[in-house]
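Protein chains in written order, with this note's numbering: chain A, 711 to 1017; chain B, 8 to 355. Ideal Cβ positions, reconstructed from N, Cα and C, are used throughout, including at glycine. The model shown is predicted, which means the values in this text are computed figures rather than measured ones. What follows is a single structure, written as structure tokens, with notes after it.
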Amino acid sequence: MLVVEGALVYANLLVLLSIGLTLTYITTGVPNFAQGSFAIVGSYAALTFLRLFNLHPYLSIPLVFLVGALLGLLVYLLVLKPLIKREASVVILMIATLALDLILLGFLGAYSGFLEGITHRSAAKFIFTYLDFEVYRISAILFVSTFVILTLLLFLFILLYKTKFGIALRASMENPALAEIMGVNVEYTRLFSWILSGALAAVSGCLLPFRQEIVPGTGPIIIVSIFAASIVGGLGNIYGALLGGYVIGISESLVTYYLSSIFGARVLVYGKAFSLIVLIVTLLVAPKGLVSINWRKVLRRRVLRWA
Amino acid sequence: MGLEYIAVNIALWFGLYLIVTLSLNLEYGFGGIPNFGKAFAVLIGAFAVGGIINRLLIYFLGISGQIIEASSHSKTIVNSLIASNPVIGLSLLIGSILLAFIFGCLTGALFILPSAKLREDYLAITLLAISEVTYLICYYNIDLIGGYYGVSVPDVFAFVPGELRVFVFAITIIFTSFLIYLLLNKLLISPYGRLLKAIRENEDVVKAYGKNVMLIKIKTVSLGSGLAAIAGALYSLYSVNVISSSFTRVEWTFYPFLMILLGGAGNNKGIILGTLIFVVVKILLTMYKFEISSLLNLPFEAVWLEYIMFGVVMLIILFYRPEGILKETPIITKPIKEVVKRRELRKR
Chain A
711 MLVVEGALVY ANLLVLLSIG LTLTYITTGV PNFAQGSFAI VGSYAALTFL RLFNLHPYLS
771 IPLVFLVGAL LGLLVYLLVL KPLIKREASV VILMIATLAL DLILLGFLGA YSGFLEGITH
831 RSAAKFIFTY LDFEVYRISA ILFVSTFVIL TLLLFLFILL YKTKFGIALR ASMENPALAE
891 IMGVNVEYTR LFSWILSGAL AAVSGCLLPF RQEIVPGTGP IIIVSIFAAS IVGGLGNIYG
951 ALLGGYVIGI SESLVTYYLS SIFGARVLVY GKAFSLIVLI VTLLVAPKGL VSINWRKVLR
1011 RRVLRWA
Chain B
8 MGLEYIAVNI ALWFGLYLIV TLSLNLEYGF GGIPNFGKAF AVLIGAFAVG GIINRLLIYF
68 LGISGQIIEA SSHSKTIVNS LIASNPVIGL SLLIGSILLA FIFGCLTGAL FILPSAKLRE
128 DYLAITLLAI SEVTYLICYY NIDLIGGYYG VSVPDVFAFV PGELRVFVFA ITIIFTSFLI
188 YLLLNKLLIS PYGRLLKAIR ENEDVVKAYG KNVMLIKIKT VSLGSGLAAI AGALYSLYSV
248 NVISSSFTRV EWTFYPFLMI LLGGAGNNKG IILGTLIFVV VKILLTMYKF EISSLLNLPF
308 EAVWLEYIMF GVVMLIILFY RPEGILKETP IITKPIKEVV KRRELRKR
């Protein structure tokens, strides 16, 4: 039960990250290599609220959301926008996000030292699991992360399908040039996607310490899982991110747990290797991701072969 | 810490990084393949020395036990052998370089195989993911190359007196990187170099002329990985141990990209300049790390400041001079030279 619980929580958090990654990929056309570090910024924001104001991480979610939104805003305005204006190629934009990842890593490392200096408690390595409690014998983190996901989906659904801004957003995702001709300001949609992506990543990072230990360098490691989730689902599709996040999150935890019960605990480090294998198989079989597969066609072919 | 110590350190790291940046320039500067997994190839080179050469030595010396203890045992025996017979040391050095190159070429081809057909963004993600996962496995699995404990490697220059060793190594590394520079210059002036540039500019046109773009990409990354693996092998031989934590993404993927973009992608002379500038700055920063952090009264380790600084430098380059200090120049082949000469003669 505990394993399934952990797998679901991890999958929920991965979905938050991969939705953010996919959003910015759709609008800006660049895979954000700093998405993992965005999350860790959220973790450290939550740690700061906990240590300085004694605020439980569950209660600081709205504040962390704002911190992440601010980070996304700054990143877009200071890094991406000037480069897009100079008509930089995708590779240049990718290198810029790689540089951003390094800058964030440096800031987080420096900040952890600074925080240690103020609070006189270790901040280079931390975990929140001791803060969690149980509701009906299930840990609260499962409820909280699921609640966050449901709220997010409801918000996204209303935004994308019930408002004028959402229509503009979807139009500029499908065809930016055409949307611009029709009078949509693509600039706003890009800005919005970065703000939302940063905020979601930070919320995910706020909850991540309930499941694993956080160090400043955690971001560059979890990025493998985030990319795997987004690509397995389909990098150009938000539903793909949702699907891929659950596929990778659940399988990464459950498969490594299952393997470790056969081969011993040393297999646990291969969790990321499993994500990589799923990623490579997806790229070979269906490079556009799971959502691009026409399941009806696949089934029909199978039925025909049967008959 | 004398001045000659700083100079030899700079020479050593310049040579090591130059091998990596030249190989990355072949892939990214010429071929346009964003190899975000460059660290993978360097790690493979270290693996060839720490994992394969070590196991061979342990096997031939008949030592039993775990790789970590067995390697330190074999190191002591081999070191005393080399001290009495320099030929063993030199053949071990050349053998390591050759093995790293071959092993690097093979794994490099496998490394790009799943993603060679993909667009540049998918390609970059896959290469980064493979490199990162390989790093994690080598770090956590202590049976491969000792994980976070590391394995020992024999000193191939055990016959050289202790204080001269670093100089001999610096000369060896600089010499190797110079050979690779000459080789790549020769290679890139050939039709292959122009083909690579054509692929970078427009894949479809190259395809329309009947070239197999995927195969050329695989060959390029294979060669690039083989060359970068040599750097990994030399680094391991120099530091007489292999610890996988020294082959991080920052040090061997991000920094090489920074050097290339600083010097000028697609221009091997620019690469030399970029690498030299970077290495001088980095070595001086590492040398005066404690002075800097006490001067600025930093409440944290100086390495974080280094990350922030190099990240910001990269962004500044991308903003203001993405073509680098030395711009890319057209490839001037012999026939072109003759045409230019004839035209000048006609003008007179």
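Cβ of residue i within 9 Å of any chain A Cβ
i	result
T293 of chain B	no
S222 of chain B	One detail in the question is off: residue 222 of chain B reads as Leu in this sequence, not Ser. Output row for L222 of chain B: interface = no.
P198 of chain B	no
L305 of chain B	yes
Y245 of chain B	no
I315 of chain B	yes
D128 of chain B	yes
Y35 of chain B	yes
K124 of chain B	yes
L322 of chain B	yes
E308 of chain B	yes
W2 of chain B	This structure leaves residue 2 of chain B out entirely; chain B is present only between 8 and 355.
L195 of chain B	no
V49 of chain B	no
F297 of chain B	no
F254 of chain B	no
G318 of chain B	yes
G58 of chain B	no
Residue closest to residue i, alpha-carbon to alpha-carbon, out of the options
i	options	result
V999 of chain A	A:A717, A:R1006, A:L1009, A:V988	It is worth fixing the name first, because residue 999 of chain A is Gly in this sequence and not Val. Of the listed residues, the one whose Cα sits closest to G999 of chain A is A:V988.
S747 of chain A	A:P930, A:R1012, A:Y967	A:P930
I924 of chain A	A:K791, A:Y898, A:K835, A:Y735	A:K835
T992 of chain A	A:S832, A:R761, A:L945	A:L945
S963 of chain A	A:L866, A:Y980, A:L952, A:G778	A:Y980
P886 of chain A	A:V934, A:L727, A:T738, A:L712	A:T738
Y146 of chain B	B:C112, B:F326, B:R256	B:R256
Y156 of chain B	B:A165, B:I89, B:S229, B:Q73	B:Q73
I65 of chain B	B:L268, B:S81, B:G52	B:S81
S138 of chain B	B:K124, B:T183, B:I119	B:I119
G943 of chain A	A:S903, A:P997, A:D842, A:E897	A:P997
I84 of chain B	B:M221, B:G38, B:L68, B:R126	B:L68
S103 of chain B	B:I144, B:G239, B:E208	B:G239
H830 of chain A	A:L910, A:L906, A:G778, A:T758	A:T758
Y720 of chain A	A:G876, A:V858, A:E884	A:V858
K45 of chain B	B:P161, B:I343, B:L130	B:L130
T293 of chain B	B:W311, B:T227, B:G281, B:I323	B:W311
Counterpart residues of residue i in DSSP-defined beta bridges
i	result
E844 of chain A	A:S849
F836 of chain A	A:I924
V991 of chain A	None; V991 of chain A has no bridge partner.
V158 of chain B	B:V249
9 Å Cβ cutoff, residue i in contact with chain B
i	result
P741 of chain A	yes
V942 of chain A	no
Y980 of chain A	yes
S961 of chain A	no
I1032 of chain A	Residue 1032 of chain A is absent from the structure shown; chain A starts at 711 and stops at 1017.
A983 of chain A	yes
I802 of chain A	yes
F937 of chain A	yes
L733 of chain A	no
P930 of chain A	yes
I771 of chain A	no
A809 of chain A	yes
L812 of chain A	yes
Using a beta-carbon distance cut-off of less than 9 Å, what residues from the segment 832 to 853 of chain A approach chain B?
Taking 9 Å as the cut-off between beta carbons, none of the residues of the segment 832 to 853 of chain A comes near chain B.
Enumerated in chain order, which unbroken segments of the alpha helix (DSSP H) with a length of 4 residues or greater are wholly contained in the segment 289 to 317 of chain B?
296 to 302
Note down, in chain order, all residues in the segment 130 to 164 of chain B with a beta-carbon under 8 Å from any beta-carbon belonging to chain A.
Those would be A131, I132, T133, L135, A136, I137, E139, V140, L143, I144, Y147, N148, in chain order.
Considering only residues of the segment 164 to 220 of chain B, which uninterrupted alpha helix (DSSP H) runs meet the minimum length of 4 residues and lie entirely inside it, listed in chain order?
Listed in chain order, they are 172 to 196, 198 to 208, 210 to 215.
What are the residues in the segment 779 to 798 of chain A lying within 9 Å of chain B by C-beta distance?
L788, V789, P792, L793, R796, A798
Which of the residues in the segment 815 to 828 of chain A, read from start to end, lie with their CB under 7 Å from any CB of chain B?
L815, G816, F817, G819, A820, G823, F824, G827
Closer than 9 Å, Cβ to Cβ, to anything on chain A: give me those residues from the segment 256 to 274 of chain B, in chain order.
Listed by position along the chain: R256, V257, T260, F261, F264, L265, L268.
Please identify, using Cβ separations under 7 Å, the residues of the segment 92 to 115 of chain B that lie next to chain A, in order along the chain.
none
Got a sec: which bits of the segment 916 to 928 of chain A sit with their beta carbon under 7 Å from any beta carbon on chain B, in order along the chain?
none
Residues of the segment 855 to 886 of chain A whose Cβ lies closer than 9 Å to any Cβ of chain B, in chain order
Answer set for the segment 855 to 886 of chain A: empty.
Please list the residues of the segment 746 to 766 of chain A that have a C-beta atom closer than 8 Å to any C-beta atom in chain B, keeping them in chain order.
none
Residues from the segment 985 to 996 of chain A in contact with chain B, defined by Cβ distance under 7 Å
L986, L989, I990, L993, L994
Could you please tell me which residues of the segment 320 to 344 of chain B, in chain order, have their CB closer than 8 Å to any CB of chain A?
M321, L322, L325, F326, P329
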